[in-house]
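Chains as they are written, first to last, in our numbering: chain A, 1 to 473; chain B, 474 to 688.
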């Protein structure tokens with residue numbers, strides 16, 4: 001048998017961690033219940049999903065124009081706009097801005113795009129301190145980890161682990177497992193950091209083209225602090241996050257937190273339309289926006305795959321995924337885990353790197369059902385499975401298309417497809433197979449490792465139906 | 474990186490655009506609650522996230538705010554002397570803890586703002602009943618940090634400006650026509666997090682307490 005891949009090894013390990021699995025189960029159950037409670041009226045939920053989908057689909061259908069409009073309006077508002085094709089270019093832009101200000105540190109609000117860029121690592125290699133201020137991100141950064149969930153980055157950690165971690169990293173603070181006290185300690189530590197930080201970084205939840213506005217959704221205030229206190233604010237975002245009008249925002253804000261954490265709204269919704277004006281007393285004097293492509297324009301070129309870019313990063317698909325709840329976020333080995341990661345990462349990074357993820361789905365459909373913008377995630381998983389083995393690779397933008405095609409497998413399916421379209425041959429084959437049922441071996445490789453071998457029926461379905469008097473022809 | 478800009482836009486523009494049905498885009502949720510219902514819903518939502526809501530009227534709001542300051546044992550209160558509320562409070566300073574006026578740029582008194590202010594008081598542009606939300610716009614008089622840095626945020630909300638939904642507020646107040654401020658904010662409770670084992674904790678980076686005085 002082939003050597004197990006890194007993904008399979010990680011999955012195997014994760015499945016063995018009973019305590020962590022129980023922890024994920026409990027957390028996801030809570031999140032699913034919270035979401036359900038926010039949508040007592042199914043008809044209203046479906047109408048809102050349709051509306052949110054239309055808003056995002058409309059924006060994507062006008063993407064290049066809206067990006068230019070966004071740039072024009074942001075520039076008019078005094079925000080400097082930068083474009084990056086790759087994560088490396090985006091990192092260089094951030095570094096360049098920091099160097100201009102002789103900044104040796106940066107404080108960060110929560111941003112998944114900055115994770116995608118590997119910004120912390122990039123800056124640290126250059127002697128710049130990048131400090132996470134979202135409580136969850138702060139915790140995992142202390143432990144040298146990456147997020148295991150896109151909206152609850154430290155969800156894999158128990159209270160006891162976090163208590164120990166705090167005590168280990170901050171020996172001056174007495175040991176406590178009281179969540180309020182732990183939070184208060186983090187507040188104290190990070191306050192001083194905010195006070196001194198020369199540059200703040202944030203992500204963007206929505207960018208409004210019409211007004212040149214960057215919107216941030218959050219509960220803690222790390223986003224507000226990062227974008228208000230330091231004299232320079234750098235926002236990073238994927239090019240797909242733009243929407244056309246200000247009136248597009250309320251419906252999206254209505255469905256995002258409810259789908260994500262089951263809150264009617266987050267504590268803060270922060271709409272930034274420019275740096276401090278001459279007569280204002282606070283706020284950054286410089287605001288930058290970095291627009292990152294990193295494969296998104298390639299995804300954009302395919303009408304079916306395009307739906308991937310509708311995503312508003314709520315994480316509902318993750319919370320409802322039977323695979324994620326069992327293997328946790330880290331096993332995916334990607335920035336974005338769960339169903340959205342399963343479709344996004346192979347498209348961004350190529351099928352050679354993350355193509356295996358698309359096999360790790362039972363296609364149960366839960367992700368597609370809860371998606372607030374109706375991304376048909378299961379269909380896209382199927383499409384990517386097809387891409388991975390297809391012959392006409394020129395008809396898909398997916399990188400490494402066809403690289404999982406095996407000649408024998410392809411020949412078998414071709415023969416199957418041919419016989420299935422020739423009834424007499426198909427019936428003959430079926431009958432022969434039932435007669436030879438005794439010959440099916442008990443050992444069928446990987447299949448029988450965790451299952452018993454299937455046994456063919458004594459009669460084919462066609463024969464049985466005929467006996468019941470059903471005319472199947 | 475103007476090369477990146479050209480290349481990205483070129484790639485996006487070379488694609489045949491999908492035709493999308495956007496008929497559902499404009500649909501507005503229709504709720505028609507009267508003022509009493511709006512106040513009720515607003516209060517319920519706010520209290521559910523541990524914000525304090527106090528009722529008052531034009532005659533007694535000042536005493537109410539003074540009483541809140543006393544109960545909280547505030548040593549000082551940061552506010553703008555120029556807003557409708559700030560003016561009256563400043564005229565009646567004797568009833569209040571030491572008043573600090575936000576009159577300098579943050580750089581000139583950052584340390585004091587960060588470590589020596591007990592509470593910030595702001596006006597609000599309005600409220601949203603559906604979600605229990607305050608609307609704040611940054612301005613030269615009431616900067617962004619006034620509602621962010623002090624550990625307690627006291628906000629005064631004129632109940633005539635309580636709207637049913639966010640969409641309704643944006644429309645009625647004509648946000649688009651007015652042009653947005655550098656920072657428009659929706660605040661729906663005190664700062665909070667559930668990042669440690671999904672246990673709710675308050676006062677992570679923003680105010681630990683949010684006190685709303687309805688007038």
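Built from N, CA and C at the ideal position, the CB exists for glycine as well.
In this text, all values refer to a predicted model and were calculated from it rather than measured experimentally.
So, is residue i buried or exposed, given that buried needs 16 or more other C-beta atoms within 10 angstroms?
| i | result |
| --- | --- |
| residue 435 of chain B | In the structure as shown, chain B begins at 474 and stops at 688. Residue 435 of chain B is therefore absent and cannot be evaluated. |
| residue 443 of chain A | exposed |
| residue 423 of chain A | exposed |
| residue 171 of chain A | exposed |
| residue 468 of chain A | exposed |
| residue 395 of chain A | exposed |
| residue 234 of chain A | buried |
| residue 37 of chain A | exposed |
| residue 263 of chain A | buried |
| residue 108 of chain A | buried |
| residue 79 of chain A | buried |
| residue 595 of chain B | buried |
| residue 212 of chain A | buried |
| residue 732 of chain B | The requested residue 732 of chain B does not occur in the structure, where chain B is confined to residues 474 to 688. |
With 8 Å as the threshold, decide whether the Cβ of residue i is near any Cβ in chain B.
| i | result |
| --- | --- |
| residue 269 of chain A | yes |
| residue 1 of chain A | Residue placement at residue 1 of chain A is poorly supported in this model, since its pLDDT is 44, which falls under 50; the coordinates still yield a value, given next. It does not; no Cβ of chain B falls within 8 Å. |
| residue 531 of chain A | The requested residue 531 of chain A does not occur in the structure, where chain A is confined to residues 1 to 473. |
| residue 61 of chain A | yes |
| residue 238 of chain A | no |
| residue 179 of chain A | yes |
| residue 297 of chain A | yes |
Which residues in chain A have a C-beta closer than 9 Å to the C-beta of residue i? List them in chain order.
| i | result |
| --- | --- |
| residue 684 of chain B | Those within 9 Å of residue 684 of chain B in chain A number zero; the least Cβ separation is about 15 Å. |
| residue 494 of chain B | 54, 57 |
| residue 643 of chain B | 246, 247, 249, 250 |
| residue 635 of chain B | Chain A residues near residue 635 of chain B: none, gap ~15 Å exceeds 9 Å. |
| residue 649 of chain B | 210, 211, 245, 246, 247 |
What are the boundary residues of the alpha helix (DSSP H) that residue i is part of?
| i | result |
| --- | --- |
| residue 39 of chain A | Where residue 39 of chain A is concerned, there is no enclosing alpha helix (DSSP H), given that its DSSP letter is neither H nor E. |
| residue 559 of chain B | 557–564 |
| residue 77 of chain A | 63–77 |
| residue 121 of chain A | 119–125 |
| residue 627 of chain B | Not the alpha helix (DSSP H): residue 627 of chain B falls in the beta strand (DSSP E), residues 625–630. |
| residue 97 of chain A | 87–100 |
| residue 170 of chain A | Segment: none, residue 170 of chain A is in no alpha helix (DSSP H) and carries neither H nor E. |
Counting only Cβ pairs nearer than 8 Å, list the residues of chain B close to residue i.
| i | result |
| --- | --- |
| residue 228 of chain A | 617, 618, 621, 656 |
| residue 266 of chain A | 661 |
| residue 133 of chain A | 678 |
If residue i and residue j are in contact, beta carbons under 8 Å, what's the gap, nearest whole angstrom?
| i | j | result |
| --- | --- | --- |
| residue 617 of chain B | residue 282 of chain A | 5 Å |
| residue 104 of chain A | residue 132 of chain A | Not really, about 17 Å apart at Cβ, beyond 8 Å. |
| residue 512 of chain B | residue 687 of chain B | 7 Å |
| residue 181 of chain A | residue 209 of chain A | Not a contact, Cβ separation roughly 44 Å. |
| residue 550 of chain B | residue 524 of chain B | Contact flag wrong, Cβ pair sits at about 18 Å. |
| residue 310 of chain A | residue 57 of chain A | 6 Å |
| residue 328 of chain A | residue 24 of chain A | 6 Å |
Check the Cβ of residue i against every Cβ in chain B and list those closer than 7 Å, keeping chain order.
| i | result |
| --- | --- |
| residue 85 of chain A | 477, 480, 481 |
| residue 490 of chain A | Outside the shown range of chain A, which is 1 to 473, sits residue 490 of chain A, and nothing can be said about it. |
| residue 51 of chain A | 497, 498, 500 |
What residue range does the beta strand (DSSP E) around residue i cover?
| i | result |
| --- | --- |
| residue 506 of chain B | Run containing residue 506 of chain B: none; DSSP gives neither H nor E here. |
Please report whether the beta-carbon of residue i lies at a distance below 8 Å from any beta-carbon of chain A.
| i | result |
| --- | --- |
| residue 670 of chain B | yes |
| residue 678 of chain B | yes |
| residue 517 of chain B | no |
| residue 498 of chain B | yes |
| residue 508 of chain B | no |
| residue 595 of chain B | no |
| residue 555 of chain B | no |
| residue 632 of chain B | no |
| residue 604 of chain B | yes |
| residue 484 of chain B | yes |
Find the residues of chain B that neighbour residue i, judging by a C-beta separation of less than 9 Å, and give them in chain order.
| i | result |
| --- | --- |
| residue 283 of chain A | 579, 611, 616, 617, 618, 655, 656 |
| residue 175 of chain A | Residues of chain B passing the Cβ test: none, with the nearest at roughly 15 Å. |
| residue 220 of chain A | 664, 665, 666, 668, 677, 678, 679 |
| residue 148 of chain A | Within chain B, no residue comes near residue 148 of chain A; the closest Cβ sits about 12 Å away, beyond 9 Å. |
Residue i versus chain A: which residues are under 7 Å apart at the beta carbon?
| i | result |
| --- | --- |
| residue 488 of chain B | 300, 301 |
| residue 491 of chain B | 61, 303, 306 |
| residue 575 of chain B | 281 |
| residue 674 of chain B | 179, 180, 183 |
| residue 587 of chain B | 191, 195 |
In chain A, which residues lie less than 8 Å from residue i when you measure between Cβ atoms?
| i | result |
| --- | --- |
| residue 640 of chain B | 247, 250, 251 |
| residue 545 of chain B | Result: empty, since nearest Cβ-Cβ is about 18 Å, beyond 8 Å. |
Which residues in chain C have a C-beta closer than 7 Å to the C-beta of residue i? List them in chain order.
| i | result |
| --- | --- |
| residue 293 of chain A | Protein chains A and B are contained in the structure displayed, whereas chain C is not. |
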